[in-house]
Amino acid sequence: MEALLKVNDISMVFGGLRAVSNFSMEIKAGELIGLIGPNGAGKTTAFNMITGVYTPTEGEIMFNGTRTSGKKSYQVTQLGMARTFQNIRLFSELSVIDNVKIAYNMHVKYTLGEAIARVGRYFSEEDEITKKALELLKIFKLEDKAYETAKNLPYGEQRRLEIARALATEPKLLLLDEPAAGMNPQETKELMEMIRWIRDKFRLSILLIEHDMGLVMGVCERIYVLEYGFCIASGTPDEIKNNKRVIEAYLGEEVS
Amino acid sequence: MNALRKKDLLTLVACAVLFAVMQGLMMAEIIGPFWELNIVLICINIILSVSLNLINGYTGQFSIGHAGFLAVGAYTGAIVTVKLGFSYELALIAGTVAAGFLGFLIGLPTLRLNGDYLAIATLGLGEIIRICILNIDYVGGASGLMGIPRLTNFPWVFWIMIFIIFFIKNFKNSAPGRCCLAIRENEIAADTMGIDTTKYKVMAFTLGAAFAGTAGVLFSHYFYIAHPASFTFMRSFDILTMVVLGGLGSMTGAITGAVLLTFISAYLAEYPEWRMIIYSITLIVLMLRRPQGLFGNKELSLKMFHLGGGKDGSTAESK
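Encoded structure:
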């Protein structure tokens, strides 16, 4: 089967710093992949290249049969890739439901003229968007707070809202940047189940950056490990757990 | 969503009643020429503040060159009626289109900047427009373009104002409008939602500039003259003050700001030496007491008067 995302040998150079070197990965439809590594290993840089925030200095990225390296971030999203951020980036002054509605903008068919004159498809499509947004919020148990200002939500709910908002763009691939950051073990466990459930319910692939080893090992089917910008290992969680270089990267070398 | 349509109709009826009352009072000469002039000025200022609010308040792009677009509208309109001898309607369209087109041209490069840089760039552009006009003899140079017929009257200015208010309100409550709000809130996140940020920024800027142009045509055809001195950066700041006073991002705020400040100016017309002092004290008090403006980014609506109401940022539908 053709891979959904194919990353070919990408590198990112910032001045004299090689943040990511010759990184390759492949994600098939429906897979749940983890990307781990110590702090400063280049995980977020790799993420930013895949989502179009940075253009890789070398190499190319193919998504769903289209070359996405060099495309702008919003174009990549329009092709079906959505992401969340390590530090939550919600539209904080807007209501919860508006946050989700904004994500549906790509699927709106009415024209500016119809919206201004309030004729034609405007009302039916707005109704449709509101309905879809509420459904999505319900799935994430946020429907009671639909009309609250996003910044007033507790931290965990803001995380959930960010994921809901990303899903509203109807992606084929969802990228989560440290979704468990700042969560307690109980919340992390719930998140783990939620991630797996999202994958099945929305039938998409997920790429996950995470520090929490428990989460990554528990939920991912394959894992890539970055260190100093190099991919030092890839494989199933069991393979990674026993990989000598990974252990060295995380715990340091043994003194002999 | 038929409730929305009903609400729009009700608001329109309310506007018509307001119009009838004002027009009646003017015909009966209870409102004298001085206040009639100020009411027209209020309407023009409302158009300006509401259109600036679209750029500054909704899209979050801090522009302070609005007087420049006002000038373009005023002069283009005057050229169409005085120099070319076409009708007033055509002048209105020409002024709007010219200012909008210029806004588009200027918006493309400058909207790459953000924050203070954009503010300085737009401030400079507003001045460039004024200086250019100052040096074009065809439009009268420093002595201004005179002999413009008074074709603007209260009905014209009032209904155009209502049209623009509705236009911007409906824009805000549509998908493109939400994209603009998203850009204001978080540009990076907006980008990852598939929003072409440049496109929507330029769109808001163009629309805002176009409406400022409309205001310009109304302005020059009421005061008989288009003069470069009426379009200095002080004028831009006047408009900005109205928007900030009412609350950035609130349409009712922008309207209230325009009404309030125009009234204060009118009342203080007899004491010009006090005008700026009271003006500035008002602003200082406001900044100390309510830095987010009178309404913040909320809309004034009847719901606000109910207990626990006024929370609905998303469906806030009001004049």
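As they're listed, the protein sequences go chains A and B. The opening position of the first sequence corresponds to residue 791 in the numbering used here, with each subsequent residue numbered one higher. The opening position of the second sequence corresponds to residue 260 in the numbering used here, with each subsequent residue numbered one higher. Even for Gly, the Cβ is constructed at its ideal location relative to N, Cα and C. All of these numbers come straight from a predicted model, not from anything done at the bench.
Practice task
Report back the beta-carbon spacing between A:ASP967 and A:ARG873 to the nearest angstrom; my notes put them in contact at under 8 Å.
Solution key: One-based indexing of the first sequence puts residue 967 of chain A at position 177. One-based indexing of the first sequence puts residue 873 of chain A at position 83. The pair is a contact, with the Cβ atoms about 7 Å apart (cut-off 8 Å).
Practice task
Quick one: residues in its chain with C-beta nearer than 7 Å to the C-beta of B:LYS265, no 5 flanking neighbours on either side, listed in chain order?
Solution key: Here residue 265 of chain B is taken as the residue at index 6 of the second sequence, counted from 1. Once the five neighbours on either side are set aside, B:LYS265 has no close Cβ partner at all.
Problem - Where B:LEU566 sits in the DSSP three-state scheme - result: Reading the second sequence from its first residue, position 307 is the one you call residue 566 of chain B. Confidence is the limiting factor: at B:LEU566 the pLDDT is only 44, short of 50, which leaves the residue's position unreliable and the question unanswerable from this model.
Practice task
Classify A:LYS1034 as helix, strand or coil using the three-state DSSP reduction.
Solution key: For the purposes of this step, residue 1034 of chain A is taken as the residue at position 244 of the first sequence. A:LYS1034: helix per DSSP, three-state reduction.
Problem - Identity of the residues DSSP links to A:CYS1021 by a beta bridge - result: Looking up residue 1021 of chain A in the first sequence gives position 231. According to DSSP, residue pairing for A:CYS1021 in a beta bridge involves A:LEU1016.
Handout entry: Cβ-based burial, A:LEU943 [other Cβ within 10 Å; buried from 16]
Key = Stepping through the first sequence from its first residue, residue 943 of chain A is reached at position 153. Classification of A:LEU943: buried, given that the 10 Å Cβ count is 16 or more.
Problem - At least 3 beta-carbon pairs within less than 8 Å: the region 437 to 447 of chain B vs the region 510 to 530 of chain B - result: no
Exercise for the section: Anything in chain A within Cβ reach of B:MET535, meaning under 9 Å, just list it in chain order. Expected result: Counting from one through the second sequence, the residue named residue 535 of chain B turns up at place 276. Those within 9 Å of B:MET535 in chain A number zero; the least Cβ separation is about 33 Å.
Problem - Cross-strand partners of A:ARG873 (DSSP beta bridge) - result: For the purposes of this step, residue 873 of chain A is taken as residue 83 along the first sequence, with counting starting at 1. Note: A:ARG873 sits in a beta bridge opposite A:LEU965.
Exercise for the section: Would you tell me roughly how many angstroms separate the C-alpha atoms of B:LYS458 and A:ILE985, rounded to the nearest one? Expected result: By one-based count along the second sequence, residue 458 of chain B stands at place 199. By one-based count along the first sequence, residue 985 of chain A stands at place 195. Cα-Cα distance, rounded: 34 Å.
Practice task
With a 10 Å radius around its C-beta and 16 neighbouring C-beta atoms as the bar for buried, classify A:THR1026 as buried or exposed.
Solution key: Working through the first sequence from its first residue, we reach residue 1026 of chain A at position 236. So A:THR1026 ends up on the exposed side.
Problem - Spatial distance of B:LEU229 from A:TYR844 (CA atoms) - result: Nothing about residue 229 of chain B can be read from this structure; chain B reaches only from 260 to 578.
Problem - Coil, strand or helix - B:ASP396 by DSSP - result: Within the second sequence, numbered from 1, the residue matching residue 396 of chain B stands at position 137. Three-state result, B:ASP396: helix.
Problem - Stretch-stretch touch, CB-based, cutoff 8 Å, three pairs: the region 399 to 412 of chain B with the region 475 to 489 of chain B - result: The region 399 to 412 of chain B and the region 475 to 489 of chain B touch, with no fewer than 3 CB-CB distances between them shorter than 8 Å.
Exercise for the section: Confirm, please, whether the CB-CB distance from A:GLY849 to A:LEU799 is below 8 Å. Expected result: In the first sequence, residue 799 of chain A corresponds to position 9, counting from 1. In the first sequence, residue 849 of chain A corresponds to position 59, counting from 1. The sequence given here places Asp at residue 799 of chain A; Leu does not occur at that position. Yes, Cβ-Cβ distance for A:ASP799 and A:GLY849 is below 8 Å.
Practice task
State the CB to CB distance for the pair A:MET881 and A:ALA940, rounded to an integer number of angstroms; the pair is presumed to be in contact (CB under 8 Å).
Solution key: Here residue 881 of chain A refers to the residue found at position 91 when the first sequence is read from its first residue. Here residue 940 of chain A refers to the residue found at position 150 when the first sequence is read from its first residue. Looking at the sequence shown, residue 881 of chain A is not Met but Phe. With 8 Å as the limit, A:PHE881 and A:ALA940 qualify as a contact, their Cβ atoms being about 6 Å apart.
Exercise for the section: Quick one: list the residues of chain B neighbouring A:THR856, beta-carbon separation under 7 Å, in chain order. Expected result: On the first sequence, position 66 is the one that residue 856 of chain A refers to. The contacting residues do not exist; A:THR856 stays about 15 Å from chain B at best.
Problem - Through-space distance from A:ASN895 to B:VAL331, alpha-carbon basis - result: Within the second sequence, residue 331 of chain B is the residue found at index 72, counting from 1. Within the first sequence, residue 895 of chain A is the residue found at index 105, counting from 1. Approximately 34 Å, taken between the alpha carbons.
Problem - Closer than 8 Å to chain A by CB, B:LEU269 - result: Within the second sequence, numbered from 1, the residue matching residue 269 of chain B stands at position 10. Not closer than 8 Å to any Cβ of chain A, the Cβ of B:LEU269 fails to qualify, so no.
Exercise for the section: Tell me, please, whether the region 451 to 466 of chain B touches the region 359 to 370 of chain B by the rule of three or more beta-carbon pairs shorter than 8 Å. Expected result: yes
Problem - Proximity test, Cβ basis, 8 Å: B:SER577 and chain A - result: As a position in the second sequence, residue 577 of chain B is number 318, starting the count at 1. With a pLDDT of 38 at B:SER577, under the threshold of 50, the modelled position of this residue cannot be trusted, and the question is left open.
Handout entry: Any non-hydrogen atom of the ligand ATP closer than 7 Å to A:ASN1032 Cβ
Key = As far as ligands go, the structure on display features none, and thus does not contain the ligand ATP.
Practice task
Put A:GLU821 into one of helix, strand or coil per three-state DSSP.
Solution key: Counting from one through the first sequence, the residue named residue 821 of chain A turns up at place 31. DSSP places A:GLU821 in the coil class of the three-state scheme, outside both helix and strand.
Problem - Among B:VAL339, B:LEU384, B:ILE424, B:ALA357, nearest to B:HIS325 - alpha-carbon criterion - result: Residue numbering aside, residue 325 of chain B sits at position 66 when the second sequence is read from its first letter. Here the closest residue by C-alpha is B:LEU384.
Problem - Reduced DSSP secondary structure (H/G/I, E/B, other) of B:SER433 - result: If you number the second sequence from 1, residue 433 of chain B lands on position 174. Correct three-state label for B:SER433: coil.
Exercise for the section: Measure the C-alpha to C-alpha separation of A:ALA836 and B:CYS391 and round it to an integer number of angstroms. Expected result: Start at 1 with the first residue of the first sequence, and residue 836 of chain A comes out as number 46. Start at 1 with the first residue of the second sequence, and residue 391 of chain B comes out as number 132. Cα-Cα distance, rounded: 49 Å.
Problem - For B:ASN315, the three-state DSSP class (helix, strand or coil) - result: Taking the first residue of the second sequence as 1, we reach residue 315 of chain B at position 56. Looking at B:ASN315 - three-state DSSP - the assignment turns out to be helix.
Exercise for the section: Could you tell me the boundaries of the beta strand (DSSP E) in which A:LYS796 lies? Expected result: Taking the first residue of the first sequence as 1, we reach residue 796 of chain A at position 6. That run of the beta strand (DSSP E) goes 795 to 804.
Exercise for the section: Pick out whichever of A:ARG955, A:GLU904, A:THR978, A:TYR912 has its Cα sitting closest to the Cα of A:LEU924. Expected result: Translated into positions along the first sequence, residue 924 of chain A becomes position 134. Among A:ARG955, A:GLU904, A:THR978, A:TYR912, the Cα nearest to that of A:LEU924 is on A:ARG955.
Practice task
Confirm, please, whether the CB-CB distance from B:LEU404 to B:TYR334 is below 8 Å.
Solution key: As a working mapping, residue 334 of chain B is identified with position 75 in the second sequence. As a working mapping, residue 404 of chain B is identified with position 145 in the second sequence. In this structure, B:LEU404 lies closer than 8 Å to B:TYR334 by Cβ.
Practice task
Can you tell me which of B:GLY327, B:SER489, B:PHE417 puts its alpha carbon nearest to the alpha carbon of B:THR381?
Solution key: Mapped onto the second sequence, residue 381 of chain B falls at position 122. Out of B:GLY327, B:SER489, B:PHE417, B:GLY327 has the C-alpha closest to the C-alpha of B:THR381.
Exercise for the section: Quick one: residues in its chain with C-beta nearer than 6 Å to the C-beta of A:LEU998, no 5 flanking neighbours on either side, listed in chain order? Expected result: On the first sequence, residue 998 of chain A is found 208 positions in, with the first residue counted as 1. GLY824, LEU966, listed in sequence order.
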